[in-house]
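Colleague:
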Amino acid sequence: MFQEKSTSLIGIIERYPKLIDQIIPWAQTFYPEKEAVVTPLVRLTYSELEGLIRFYARGLREKGCQPKDRVVLLLENSSEYIIAFFSILRAAAIVVPLNINLQQKNLHAILHEVKPRFIITRPALRRRFQGMAQLDESSILTDFFGHTNAEVGRLAQEQGTDTNGHDRRRVDKDPAVLIYTSGTSGHPKGVLLSHHNIISNAVSNLCALRFTDTDRTLICLPMTYCYTIVNQMISHLFVGGTLVIGGSVFMASGFLRNVEREKITTFSATPATYEILLRSSGIAQSDISSLRLFTIGGEKVSPVSLGKLKKAFPGVSMAVTYGLTEGGPRISTLHVDSLGKKSRSVGKANPNILVEIVDEAGNALPSNQVGEIAIYGSNVMIGYYPHHKHSVPLTESGFLRTGDYGWMDEEGNIHINGRKHIINTGGEKVSIHEVEDTLLDSGLISDGIIVPTKDRIKGTVLKAIVVPKDAQVFSVDSLRRHCTEKLEKYKVPKSFMVVNSIALGLNAKKKRAV
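Here numbering that gives the first Met the number 0 is used: the sequence shown runs in plain steps of one and ends on residue 513.
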């Protein structure tokens, strides 16, 4: 179905759905009885998935959901997550996917900012909303999926065909998804993306990765990630592929079992996940012949790790990707066909996306000069919620300043140097400032810094170097306990080093190269 080889998306996008939720009925016309979603308990065809979306979208509207209302989705990876995601969009509302492991203070802050019309979640998670005075109890929908799929199918048939939201006068520039990501201060920032942003990015991603209707992708990353939403969920459904939802905790044995049983063809994960997979002793004994593509993103991957992966999975192609939520998210792709100098890059910009390296004034720099990566295209976000356009850091020529630093070689390959004050760990972005502030707030130390270190299994992890206020009574366990109470699990330093003082560099800034 998706056979175009042109790098221009104009003609392609004109022929494909303009709204994200229209992808499902559009794919249904080609593949009505083909599996769309597979979990250990449920197998849904495209026709069944569309019926469920129609039914639950109608339910949201009957409850009073209005166009552009924000609806929070607090669910684990599941078929219900996918159904709710598209149902919210079909009801002309904005999806706000939140990770179920979000730290309580951040959950409170986000809900206060978003002011959701509804929250779709599980009964077991209802306690997360206790003490939030701004929430109406009736807005917390813990019984949203109160019918069996068979009952829903019957009810959807009885209700007749529903429109795809055309009665709502929707356009592709309407806001569709609000995704919260770590800001430079540590406070989550809401990235508002339109239908057009995500559709254009998905098509660009498809041009780069060439997914087809024969692909079956295994989803193990949280479906709240923009990376998972676009690169796996939307891109594969766009072409009539199948989503197979794995466990919430990645295990190599479970991965290999799913590949063998479900004939998985594509998989996306962070370098840390692939490191776990490489430690498995079961690869040689498993039937992995269906696998054709690994995509790697979330943080930098070393050529050594790529070499190990290619050796363990010789028949599998590999693509290193770079992106950011503000960019919809996919920006560039490197198809790893050799382990030369290019393997240290994140490849060239995807079709219909422009990338420049700019100086502090926003002027484009020539090849091989380090600067800030700036992007331009229809994939770039509407803005940060709730200020939208006024909050977008643009150059004078209209390029989005990403906050990532790097350089571009003569062939157009992008090389990443890093991000000021932001560390990627296990696919999650962590603000150094937030963690350092939390350390100081404990009252147990007089000074402290966070440095990124390498872990053989987990990739980049956080190390805290601290100066105790009172060395006689100080304990690392107390400091770690404070961090655990105040931060999400992935932000808690993996190790602590106690020192008498922290050295300063020549610029009077704390040295982090420890």
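Backbone N, C-alpha and C define an ideal beta-carbon position, used for all residues, glycine too.
(1) Can you give me the Cβ contacts of residue 197 inside the same chain, cut-off strictly under 7 angstroms, excluding the 5 residues immediately before and after it?
(2) Is the segment 396-404 in contact with the segment 431-441, if contact means three or more CB pairs nearer than 8 angstroms?
(3) Within this structure, are the beta carbons of residue 80 and residue 222 separated by less than 8 angstroms?
(4) Taking Cβ positions only, does residue 382 come closer than 8 angstroms to chain D?
(5) Taking the runs of the beta strand (DSSP E) that are 3 residues or longer, which of them lie wholly in the segment 178-234?
(6) Going by CA-CA distance only, name the one from 462, 343, 117 and 477 that's closest to residue 415.
(7) So, helix, strand or coil for residue 105, using DSSP?
(8) Expressed to the nearest angstrom, what Euclidean distance is found between the alpha-carbon atoms of residue 520 and residue 302?
(9) In angstroms with no decimal places, state the Cα-to-Cα distance between residue 220 and residue 334.
(10) If contact is defined by three or more beta carbon pairs under 8 angstroms, each pair taking one atom from either stretch, is the segment 405-414 in contact with the segment 341-358?
(11) Quick check for students: name the residue ranges of the beta strand (DSSP E) that lie wholly in the segment 408-438, counting only runs of 3 or more.
(12) In three-state DSSP terms, what is residue 514?
(13) Residue 48 by DSSP, collapsed to three states: which one?
(14) On the criterion of 16 or more Cβ atoms from any shown chain inside 10 Å, does residue 170 qualify as buried, or is it exposed?
(15) Do you know how far the Cα of residue 292 is from the Cα of residue 429?
(16) Where does residue 18 sit, in a helix, a strand or coil, going by DSSP?
(17) Using C-beta distances below 7 angstroms, list every residue in its chain close to residue 76, excluding the 5 sequence neighbours before and after it, in chain order.
(18) Answer with buried or exposed for residue 231, where buried requires no fewer than 16 other C-beta atoms within 10 angstroms of its C-beta.
(19) Considering only residues of the same chain and omitting the five flanking positions on each side of residue 213, which have a CB-CB separation below 8 angstroms?
(20) Tell me the rounded alpha-carbon separation between residue 78 and residue 122.
(21) Could you check whether residue 32 and residue 44 sit closer than 8 angstroms to each other, using their CB atoms as the reference points?
(22) Under a Cβ-count criterion, where at least 16 other Cβ atoms within 10 Å of its own Cβ denotes burial, should residue 385 be classed as buried or exposed?
(23) Return helix, strand or coil for residue 24, following the three-state DSSP convention.
(24) For the alpha helix (DSSP H) that contains residue 302, what are its first and last residues?
Modeller: Let me lay it out:
(1) Here residue 197 refers to the residue found at position 198 when the sequence shown is read from its first residue. These residues qualify, in order along the chain: 19, 175, 176, 229, 233 and 327.
(2) Judged by Cβ distances under 8 angstroms, the segment 396-404 makes no contact with the segment 431-441, as fewer than three pairs qualify.
(3) Within the sequence shown, the letter at position 81 stands for residue 80. Within the sequence shown, the letter at position 223 stands for residue 222. In this structure, the beta-carbon distance from residue 80 to residue 222 falls below 8 angstroms.
(4) Although the question refers to chain D, the structure presented lacks it and comprises just one protein chain.
(5) Taken in chain order, the whole beta strand (DSSP E) runs of length 3 or more contained in the segment 178-234 are 187-193 and 215-218.
(6) On the sequence shown, position 416 is the one that residue 415 refers to. The residue with the shortest Cα to Cα distance from residue 415 is 343.
(7) Stepping through the sequence shown from its first residue, residue 105 is reached at position 106. Three-state DSSP puts residue 105 in a helix.
(8) Because the chain spans 0 through 513 in this model, residue 520 falls outside it and cannot be assessed.
(9) Counting from 1 along the sequence shown, the entry for residue 220 is found at position 221. Counting from 1 along the sequence shown, the entry for residue 334 is found at position 335. So the two alpha carbons sit approximately 21 angstroms from each other.
(10) Touching, yes, given that three or more Cβ pairs across the two stretches are closer than 8 angstroms.
(11) Entirely contained in the segment 408-438, the beta strand (DSSP E) runs reaching 3 residues are, in chain order, 413-418, 421-424 and 427-430.
(12) The structure shown does not extend to residue 514, since the chain is modelled only from 0 through 513, so no value can be given for it.
(13) For the purposes of this step, residue 48 is identified with residue 49 of the sequence shown, where counting begins at 1. Looking at residue 48 - three-state DSSP - the assignment turns out to be helix.
(14) Your numbering for residue 170 matches position 171 in the sequence shown. Answer is exposed; the Cβ neighbour count stays below 16.
(15) Here residue 429 refers to the residue found at position 430 of the sequence shown. Here residue 292 refers to the residue found at position 293 of the sequence shown. The alpha-carbon of residue 429 is positioned some 28 angstroms away from that of residue 292.
(16) Looking up residue 18 in the sequence shown gives position 19. Note: residue 18 maps to coil in three-state DSSP.
(17) Here the question's residue 76 lines up with position 77 in the sequence shown. Counting only Cβ-Cβ distances below 7 angstroms, and skipping sequence neighbours, we find 218, 221, 222, 244 and 247.
(18) Here the question's residue 231 lines up with position 232 in the sequence shown. Buried.
(19) Looking up residue 213 in the sequence shown gives position 214. Leaving aside the five residues that flank residue 213 on each side, the residues in its chain whose CB is nearer than 8 angstroms to its CB run, in chain order, 240 and 264.
(20) Along the sequence shown, one-based indexing puts residue 78 at 79. Along the sequence shown, one-based indexing puts residue 122 at 123. It is roughly 17 angstroms from the alpha-carbon of residue 78 to the alpha-carbon of residue 122.
(21) Working through the sequence shown from its first residue, we reach residue 44 at position 45. Working through the sequence shown from its first residue, we reach residue 32 at position 33. Residue 44 places its beta carbon less than 8 angstroms from that of residue 32.
(22) Residue numbering aside, residue 385 sits at position 386 when the sequence shown is read from its first letter. So residue 385 ends up on the exposed side.
(23) The sequence position of residue 24 within the sequence shown is 25, counting from 1. DSSP, read as helix, strand or coil, puts residue 24 in helix.
(24) Taking the sequence shown and counting its residues from 1, the one referred to as residue 302 is at position 303. Where residue 302 is concerned, the enclosing alpha helix (DSSP H) stretches over 302-311.
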